[in-house]
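To keep things clear, I will list the structure first and then write my remarks on it.
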């Protein structure tokens, strides 16, 4: 009972190797919440921001990616991220193993590398939902102009070359940058729920792909108006609600760390959601619904890597920064450099992810998470020493730079491969008509 309540090792007891109903129930709920973020949350948020002739293309991208990534996860993804039979070799720092291919042996018993009380099949499905939403975020950068066939091929290769290695490096038992749970981590960085794994990889890849595709027809010369701001706001609200599963669920237990993540997620998101439109109000005269919605998402992004590692004050400061820095990335830097990041995937997720990852190292508070100073891991790989000395931001900066290199180089290579195979962009006639009719044979609205 003590081990169950404290979410610790029950070895030696009669229930060792059994899942705990309360912890399992929370992760089952969190898994559904993270899927809720993609379908319908992200679909509505992105879908409302494109023009009416392209709304179904966004929905089809979210649905297609969900199915595609599920198959990849079942076949090889879970094993490459959370397996361990590559441990002991240099490859083990970058990929997990092959023992769980086709989810062999992934049953209702816990995998104690990741949880003492949550069934491995539940943990597998929880992590699958992270794998689903991450490539879907990329679609915000390339909206309204990429071939559907190119999307599916790009995402397939991207999962293999970017997501699976990155997720293992940060969260895998033998991962190179898993400072919290790998005593042999080469870079003792921390990322609670995916600042580098989810947001930086998707944001930087979105920027590269947007540059390879080029600007939408009429970008910068004619108004490109969102088709439904109501959808956008509802989508942002769903993302906020679902993000509790994303962040608090990443404690992989219904414990005090999950409670802290729940609180810090709320505070940072609310502060950023207020800060962004207040900047608009001050600088442009009107606080927009888009500003409230995008500010909320920016706050969610920035607190993601920090939520289980910082206190309430750190969360408020991170939320304030998330409402300011991504705002200027989207409203000043993007127009200045004139790249067409259609729905601000880079400005919000790429920039917000970097911001959150760095500030995690600045505001980390070991009193909210005992794992940060653990004898078994943190004091062996240098994490505890870096926290005590106030130098964790250096490891965080290294993790940020590695993530940028992986995401950008891989995206450039994959982009050119896909361009050679099927082409990246629809032709001008299709783009003018809209992707809904041309690519999917349907219309989002009948007027």
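Residue numbers (my numbering): 240 to 686.
No residue lacks a Cβ here, since even glycine has one placed at the ideal position from N, Cα and C.
Since the structure is predicted, the reported quantities are computational estimates derived from the model, not experimental observations.
What's the C-alpha gap between residue i and residue j?
i, j, result
"residue 380", "residue 389", "14 Å"
"residue 356", "residue 263", "7 Å"
"residue 624", "residue 418", "12 Å"
"residue 672", "residue 292", "7 Å"
"residue 339", "residue 315", "7 Å"
"residue 650", "residue 611", "33 Å"
"residue 365", "residue 274", "9 Å"
"residue 423", "residue 261", "31 Å"
"residue 659", "residue 341", "31 Å"
"residue 647", "residue 362", "29 Å"
"residue 244", "residue 493", "9 Å"
"residue 617", "residue 550", "19 Å"
"residue 354", "residue 482", "21 Å"
"residue 614", "residue 620", "10 Å"
"residue 629", "residue 639", "18 Å"
"residue 256", "residue 250", "8 Å"
"residue 661", "residue 392", "9 Å"
"residue 601", "residue 635", "9 Å"
"residue 287", "residue 246", "41 Å"
"residue 645", "residue 402", "10 Å"
"residue 666", "residue 469", "30 Å"
"residue 743", "residue 330", "This structure leaves residue 743 out entirely; the chain is present only between 240 and 686."
"residue 678", "residue 299", "10 Å"
"residue 228", "residue 486", "A question about residue 228 goes unanswered here, because the residues of the chain that appear run from 240 up to 686."
"residue 575", "residue 373", "27 Å"
"residue 327", "residue 459", "53 Å"
"residue 656", "residue 254", "51 Å"
Please confirm whether residue i and residue j have their CB atoms less than 8 Å apart.
i, j, result
"residue 608", "residue 496", "yes"
"residue 217", "residue 603", "This structure leaves residue 217 out entirely; the chain is present only between 240 and 686."
"residue 394", "residue 283", "no"
"residue 599", "residue 562", "no"
"residue 397", "residue 436", "no"
"residue 622", "residue 349", "no"
"residue 488", "residue 516", "no"
"residue 564", "residue 594", "yes"
"residue 412", "residue 352", "yes"
"residue 295", "residue 675", "yes"
"residue 431", "residue 498", "no"
"residue 382", "residue 297", "yes"
"residue 548", "residue 429", "yes"
Which term fits residue i, buried or exposed, when burial requires 16 or more other beta carbons within 10 angstroms of its beta carbon?
i, result
"residue 332", "buried"
"residue 310", "exposed"
"residue 386", "buried"
"residue 277", "buried"
"residue 668", "exposed"
"residue 258", "buried"
"residue 727", "Nothing in the structure corresponds to residue 727, since the chain is present only between 240 and 686."
"residue 681", "exposed"
"residue 512", "buried"
"residue 434", "buried"
"residue 240", "exposed"
"residue 334", "buried"
"residue 585", "buried"
"residue 641", "buried"
Between which residues of its own chain and residue i is the CB-CB distance below 6 Å, once the five residues before and five after are set aside?
i, result
"residue 375", "277, 281, 301, 304"
"residue 643", "443"
"residue 670", "384, 456"
"residue 425", "415"
"residue 377", "441, 444, 445"
"residue 532", "471, 472, 475"
"residue 312", "367, 370"
"residue 537", "511, 561, 565, 587, 591"
"residue 252", "none"
"residue 265", "493"
"residue 484", "269, 272, 273"
Can you list, in chain order, the residues of its chain whose CB lies under 7 Å from that of residue i, leaving out five sequence neighbours each side?
i, result
"residue 605", "611, 612, 626"
"residue 519", "525, 526, 527, 530"
"residue 346", "359, 360"
"residue 337", "318, 322, 324"
Quick one: residues in its chain with C-beta nearer than 8 Å to the C-beta of residue i, no 5 flanking neighbours on either side, listed in chain order?
i, result
"residue 477", "275, 276, 279, 280, 283, 284"
"residue 508", "479, 482, 535, 538, 539, 542, 558"
"residue 290", "383, 463, 464, 465, 466, 673"
"residue 555", "506, 507, 510"
How about residue i: is its Cβ closer than 7 Å to a heavy atom in the ligand MN?
i, result
"residue 260", "In terms of ligand content, the structure shown is empty, and the ligand MN therefore cannot be addressed."
* Are at least three pairs of beta-carbons, each pair with one atom in the region 504 to 518 and one in the region 527 to 545, less than 8 Å apart? -> Put simply, the region 504 to 518 touches the region 527 to 545. At least three CB pairs are less than 8 Å apart.
Pairing CB atoms from the region 265 to 272 with CB atoms from the region 444 to 457, are three or more of them under 8 Å? Look at the beta carbons and you see the region 265 to 272 not touching the region 444 to 457: under three pairs across the two are nearer than 8 Å.
Q | Touch test, the region 304 to 321 against the region 399 to 418, Cβ-Cβ under 8 Å, three pairs minimum | A | Touching, per the Cβ criterion.
Okay, do the region 360 to 376 and the region 564 to 574 touch, 3+ Cβ pairs below 8 Å being the bar? With the cut-off at 8 Å, the region 360 to 376 and the region 564 to 574 do not touch.
Could you check whether the region 573 to 583 touches the region 448 to 460, counting it as contact only if at least three pairs of C-beta atoms, one from each stretch, sit closer than 8 Å? A contact exists between the region 573 to 583 and the region 448 to 460.
Under 8 Å: do the region 508 to 524 and the region 455 to 466 share three or more Cβ pairs, one atom per stretch? Result no; under three Cβ-Cβ pairs closer than 8 Å.
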